[in-house]
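Novice: Just so you know, the sequences run in chain order A and B.
FYI, the working numbering numbers position 346 of the first sequence as 346, with every residue one higher than the one before it.
Counting from 1 along the second sequence, just add 1000 to a position and that's the residue number in the working numbering.
Where is the CB? At the ideal position from N, CA and C, for every residue including glycine.
Just so it is clear, the structure is predicted and the values come from calculations on it, not from any experiment.
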Amino acid sequence: MKKSKKVMGLVLSVLFFIGLVLTGCSNQSSESSSGKSSGKSNTPQEITYASTSKVVGLSPIMTNDSVSANVITQIYETLFVKDPDTMEIKPNLAESYENPDPKTWVIHLRKNIKFTDGTPFNAEAVKYTFDKLRDPKTGAPRASLLAAVDTITVKDDYTVVIKTKQPYGPMLAALAHYNSSIVSPTADKKQDLMKKPVGTGPFMLKEWVAGDHITLVKNPNYWKGAPKLDKVTFKVVPDVNTAISMLQTGDVDFLDGIPAEQWSRVQGMAGVKTLKKTGTPVSYLGFNVRHKPFSELKFRQAIAYAIDRDAYVKQLNGLGTKSNSIIGPKVFGYDPSAEKVGYEYNPEKAKQILKENGWEGMTIHMLVANTPGYMKMGEIVQDQLKKVGLKVDMQTMEWGTFLDVSKQDKFDITFLGWSNSTADGSELLYPNLHSDNIGASNVTAYNNPEFDKLVNESRFTVDQKVRKKKLDEANKMAIKDAPWIVMNHGVVTLAYRDNVKGLNIDPTGEWSLYPVYKE
Amino acid sequence: MSLDAAGQEIVKEMENQLNRNYFLKGIKVLFKQPLALVGFAIILIQIILAVGANWLTAYDPTAQDLSHVNLPIGSEHHWLGTDNYGRDMWSRLIYGARISLIIGFTSVSLGTIAGTILGLLAGYFRVLDGIIMRISDLMFAFPGILLALLIVAILGSSLVNVVIAISIWSVPSCARIVRGNVLTVKKQEYITAMRSLGAGHLRIIFKHILPNSLAPIIVFGAMHMATAILSTSSLSYLGLGADPATPEWGAMISNGQQYMWQAPHLVIIPGIAIALVVFAFNVVGDALRDVLDPNMNIDQL
């Protein structure tokens, strides 16, 4: 009896593995045959989106994560918006604006717009929202967007005057950020917007089953005209492989942020279309310049020469672009001439510098967050540095722990990114590389007074031409000085069923469902 | 009722005879079990691969080749293909065999030695029994992998810390097994005889009780090899063990799972390797128990 049981066990386990191997092989053929779409008319105008994490809340004031932002941007609107293709900032809820002096912004609002609870949209609502956002008592995570603001006054029903302490260049970018969306003051006073949101946008919340899904329905009185979609469902599917399978079978209509490893799988699916665009996010290798010899430019240059970033970017399957510039091509302040400033792959030169300075065989302590993207950078750089004769001790940790440790001076090199959701260069260089932020968002502790001066000049002027010039100079200075080596600039992606029309994505990764319909 | 010196000689001789018989019989029983033979063969292959890894492949298991990534099984120069960094899968597999064998063996040896000593002390000295057994009860309260996770979380993630974690984890179970055995052996008349002849405690423990408790320790060790190898892989899979570049089987699966659709061999190869080795140590452990189990042998004798 005992023996026969064991034999059965062996047979079963062998069968199991044969099964595994077979499903692995047959997967390609099943992909191409399944998932034919039905091009019927009178398709219900309902769409389903899946994300791997859940929505934190639905108040633009109290949230600061991209998953919540995806829903919030359908419900609320901002005074200004960025054009998804040109990144130009255009009025939205605002009609126009003027600067009588560099510290004053007079914003004229659109008339006859109502929040979905019936409250009229006017200067009072704008003042209420912005005052709440910047009030320290609110504890808003992105209060910094309006940190430069001194006073906000209501001139008349449809005119708001914002005065800043100093001339503030990135003001429009800040007002176009989703965290500056206008909320209904009456609703905010009587209910928690995190759970019961009220905005002026094309959709309204119908149902929220925590951790499972959120359903939005159309706002029939939307000021630009009612949206074509009747219903939108935001599902939570924790595993990205499952989410992609659901897209294949049509249980989900679209996904964003497809991982590079899955891109070819999604592209090969019948009935599924993909869209990708150069985005604003940047990923970089950062040196801890508090440590020797990382504080020495020569050493940083040697590392920059040692890293074959073309080979790395090729591993991203097209979901990343190579660039030397810290300010990416889709971010304000970028000039193509910045590409010529950086250090190209040249392992011989790297070896020579290391040899001349006696740095050969040195051990580098590398700190890496264990998400697939950063692990890929870490492993590739580790191997490439090994090839020029450096030893790399790689320490990996979970994202939350990593964020703490990276602020504690316990590493030589690390990898990080910045999503640039305002798409403004000042909002990249100031938090990440200005000496004001050492110990906080400036993890490399880069400290260069000349650079600081240029960044400040870009922030405290409203002349966009001057700003662009100062940002370009600061950018080139930082590229030469190399506290960062840019690994890649991000690419934003969408994958959708082929009967979904009108879907577009912003380089910051945001999308609007207003123009979307189904065939 | 005590034995004189001559009587003891006779008993000793008889015992030696018995032991030799045990051993021969054991091998016979072992070879009658086909599954155990398969298990032995797998372990033998693993040992050969682990020892000969340097000669069996031309590739460094950590050397990347970014122009040849995700090559399938049966590719030219790479018969098991390459992984997502262009590292040769065959050389990763066999260097992984070495790692899992070394880690399994060291952690089991360390855990077993410590567990045996504690078990002997607890079983022999009534005073220590309470303390040692209550502490091991405390450790039993944690599910094994959780305890290992805790230890690695405190010490930091590296293979050395994985060895420490798995050794600590195996101490209480080993101690408990040994203690039970000591309690039975201790009551035997020849021990009483030894004591009345004036033998010291240490001499009795290590020369008489320990040899008579070896059988369950060996079985425990063999069975625990499987657990240790599986736990090492689990911890590495969770990112708490080996450095990701290390060709550890669990780390290989963790790394390959994102490519499951384009390159299923990245998870299937190390997956099969882990399953086979764990299976092998389990069946061999089972067979060893059949052989060494005193009750069964008494029936056969």
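Give the secondary structure of A369(A) by DSSP, where H, G and I count as helix, E and B as strand, and everything else as coil.
Specialist: Reading the first sequence from its first residue, position 369 is the one you call residue 369(A). Residue state, collapsed to three classes: strand.
Novice: What are the residues in the segment 238-270 of chain A lying within 8 Å of chain B by C-beta distance?
Specialist: N241, P259, E261, Q262, S264 and R265
Novice: S1157(B) to P238(A), Cα distance in whole Å?
Specialist: Here residue 1157(B) refers to the residue found at position 157 of the second sequence. Here residue 238(A) refers to the residue found at position 238 of the first sequence. Each residue's alpha carbon lies about 26 Å from the other.
Novice: To the nearest angstrom, report how far apart I1073(B) and Q315(A) are at their CA atoms.
Specialist: Translated into the one-based positions of the second sequence, residue 1073(B) becomes position 73. Translated into the one-based positions of the first sequence, residue 315(A) becomes position 315. Taking the straight line from one Cα to the other gives about 20 Å.
Novice: Hey, how far is the Cα of V1291(B) from the Cα of G1104(B)?
Specialist: Taking the first residue of the second sequence as 1, we reach residue 1291(B) at position 291. Taking the first residue of the second sequence as 1, we reach residue 1104(B) at position 104. Distance between the alpha carbons of V1291(B) and G1104(B): 23 Å.
Novice: On a CA-only basis, which of E510(A), E519(A) and Y517(A) is nearest G279(A)? Give me that one, please.
Specialist: As a working note, residue 279(A) is residue 279 in the first sequence. Of E510(A), E519(A) and Y517(A), the smallest CA-CA separation from G279(A) is found for E510(A).
Novice: Please confirm whether P372(A) has its beta-carbon closer than 7 Å to some beta-carbon of chain B.
Specialist: For this step, residue 372(A) is matched to residue 372 along the first sequence. Chain B, which has a Cβ nearer than 7 Å to the Cβ of P372(A), makes this yes.
Novice: Decide yes or no for the touch test of the segment 148-157 of chain A against the segment 204-215 of chain A: beta carbon pairs closer than 8 Å, at least 3 of them.
Specialist: no
Novice: State yes or no: is the beta carbon of L22(A) nearer than 7 Å to at least one beta carbon in chain B?
Specialist: Locating residue 22(A) in the first sequence gives position 22, where the first residue counts as 1. Because the pLDDT at L22(A) is just 47, under 50, the model does not fix this residue reliably, and the point stays unresolved.
Novice: Along the alpha helix (DSSP H) that carries Y284(A), what are the first and last residues, could you check?
Specialist: Numbered from its first residue, the first sequence carries residue 284(A) at position 284. Segment V272 to F287 is the beta strand (DSSP E) holding Y284(A); no alpha helix (DSSP H) there.
Novice: DSSP three-state label for S51(A), please.
Specialist: Locating residue 51(A) in the first sequence gives position 51, counting from the first residue. DSSP, read as helix, strand or coil, puts S51(A) in strand.
Novice: Taking only the alpha-carbon atoms, compute the straight-line gap between D256(A) and Q1258(B) and give it to the nearest angstrom.
Specialist: To locate residue 256(A), count along the first sequence from 1; it is residue 256. To locate residue 1258(B), count along the second sequence from 1; it is residue 258. Going from the Cα of D256(A) to the Cα of Q1258(B) covers about 17 Å.
Novice: For E1248(B), is the classification buried or exposed, using 16 other Cβ atoms within 10 angstroms of its Cβ as the cut-off for buried?
Specialist: Along the second sequence, one-based indexing puts residue 1248(B) at 248. Classification for E1248(B): buried.
Novice: Using a Cβ-Cβ distance under 7 Å, would G1239(B) count as near chain A?
Specialist: For this step, residue 1239(B) is matched to residue 239 along the second sequence. Closer than 7 Å to the CB of G1239(B) there is at least one CB belonging to chain A.
Novice: Quick test of your reading: A482(A) and A304(A), contact by CB under 8 Å. State the CB separation rounded to the nearest angstrom.
Specialist: Residue numbering aside, residue 482(A) sits at position 482 when the first sequence is read from its first letter. Residue numbering aside, residue 304(A) sits at position 304 when the first sequence is read from its first letter. Between A304(A) and A482(A) the Cβ distance is about 6 Å, and since that is below 8 Å, they are a contact.
Novice: Starting from the C-beta of S506(A), find all residues in its chain whose C-beta is less than 6 Å away, skip the five residues before and the five after it, and write them out in chain order.
Specialist: As a first step, residue 506(A) is located in the first sequence; it is residue number 506 there, counting from the start. Residue 506(A) is actually Asp in this sequence, not Ser. Taken in chain order, the residues that qualify are P84.
Novice: Would you say D1060(B) faces chain A, with C-beta separation under 7 Å as the test?
Specialist: Translated into the one-based positions of the second sequence, residue 1060(B) becomes position 60. Answer no: the Cβ-Cβ gap between D1060(B) and chain A never drops below 7 Å.
Novice: Using only alpha-carbon positions, find the residue among V341(A), N357(A), K349(A) and Y284(A) that is nearest to T321(A).
Specialist: Within the first sequence, numbered from 1, the residue matching residue 321(A) stands at position 321. For T321(A), the nearest C-alpha among the options comes from Y284(A).
Novice: Go to M487(A), then tell me how far its beta strand (DSSP E) extends in each direction, as first and last residue.
Specialist: Sequence index remark: in the first sequence, residue 487(A) carries index 487 (1-based). Run containing M487(A): W484 to R497, per the beta strand (DSSP E) assignment.
Novice: Measure the alpha-carbon distance for A1304(B) versus K1025(B) and round it to whole angstroms.
Specialist: As shown, chain B starts at 1001 and ends at 1301. That puts residue 1304(B) outside it, with no answer to give.
Novice: Against chain A, does A1193(B) count as a neighbour if the rule is that its beta carbon must be under 7 Å from one of theirs?
Specialist: What you label residue 1193(B) is simply residue 193 of the second sequence in a count that begins at 1. Not one chain A Cβ lies under 7 Å of A1193(B).
Novice: Where in the segment 338-408 of chain A do unbroken runs of the beta strand (DSSP E), each at least 3 residues long, occur, reported from the N-terminal end onward?
Specialist: You should have 363-369 and 391-397.
Novice: What residue range does the alpha helix (DSSP H) around I162(A) cover?
Specialist: In the first sequence, counting from the first residue as 1, residue 162(A) sits at position 162. Segment T159 to T164 is the beta strand (DSSP E) holding I162(A); no alpha helix (DSSP H) there.
Novice: In the DSSP assignment, find the alpha helix (DSSP H) that holds P202(A) and state where it starts and stops.
Specialist: Taking the first residue of the first sequence as position 1, residue 202(A) is located at position 202. Unbroken run through P202(A): none, as it is neither H nor E.
Novice: Taking a cut of 9 Å between CB atoms, which residues from the segment 352-384 of chain A lie near chain B?
Specialist: V368, N370, P372, M375, K376, G378, E379, I380, Q382, D383 and Q384
Novice: Please state the DSSP three-state secondary structure of V154(A).
Specialist: The residue labelled residue 154(A) in the question sits at position 154 within the first sequence. Correct three-state label for V154(A): strand.
Novice: By Cβ distance, which residues of its chain are closer than 7 Å to L1147(B), with the 5 residues on each side in sequence left out?
Specialist: Residue 1147(B) sits at position 147 when you count from the first residue of the second sequence. Same-chain partners within the cutoff: M1139 and W1169.
Novice: At a Cβ threshold of 7 Å, is A311(A) touching chain B?
Specialist: Within the first sequence, the letter at position 311 stands for residue 311(A). Yes, because at least one Cβ of chain B sits closer than 7 Å to the Cβ of A311(A).
Novice: Do the segment 1029-1042 of chain B and the segment 223-239 of chain A make contact, defined as three or more Cβ pairs closer than 8 Å?
Specialist: In short, these stretches do not touch, since the Cβ pair count stays below three.
Novice: Should L247(A) be labelled buried (16 or more other beta-carbon atoms within 10 Å of its own) or exposed?
Specialist: For the purposes of this step, residue 247(A) is taken as residue 247 along the first sequence, with counting starting at 1. By the 10 Å Cβ count, L247(A) comes out buried.
Novice: Looking only at its own chain, which residues have a Cβ that is under 7 Å from the Cβ of S144(A), when we skip the five neighbours before and after it?
Specialist: Along the first sequence, read from residue 1 onward, the residue named residue 144(A) stands at position 144. Nothing listed; no residue qualifies.
Novice: Spatial neighbours of K114(A) within its chain, please: CB distance less than 6 Å, with the 5 preceding and 5 following residues excluded, ordered by chain position.
Specialist: For the purposes of this step, residue 114(A) is taken as the residue at position 114 of the first sequence. Once the five neighbours on either side are set aside, the close Cβ partners of K114(A) are P120.
Novice: Can you check whether the C-beta of L1155(B) is within less than 7 Å of a C-beta belonging to chain A?
Specialist: By one-based count along the second sequence, residue 1155(B) stands at place 155. False, the Cβ-Cβ gap to chain A never drops below 7 Å.
Novice: Of all the options A1263(B), T1227(B), L1183(B) and V1152(B), which has the alpha carbon lying nearest to the alpha carbon of N1084(B)?
Specialist: For this step, residue 1084(B) is matched to residue 84 along the second sequence. Minimum Cα distance to N1084(B) is reached at A1263(B).
Novice: So F1281(B) and A1226(B) are in contact, right, with Cβ under 8 Å, and what is the actual spacing, rounded?
Specialist: The count along the second sequence starts at 1 and reaches residue 1281(B) at position 281. The count along the second sequence starts at 1 and reaches residue 1226(B) at position 226. Correct: roughly 4 Å between the Cβ atoms.
Novice: Could you tell me the distance, in whole angstroms, from the CA atom of F294(A) to the CA atom of K476(A)?
Specialist: On the first sequence, residue 294(A) is found 294 positions in, with the first residue counted as 1. On the first sequence, residue 476(A) is found 476 positions in, with the first residue counted as 1. The straight-line gap from Cα to Cα measures roughly 20 Å.
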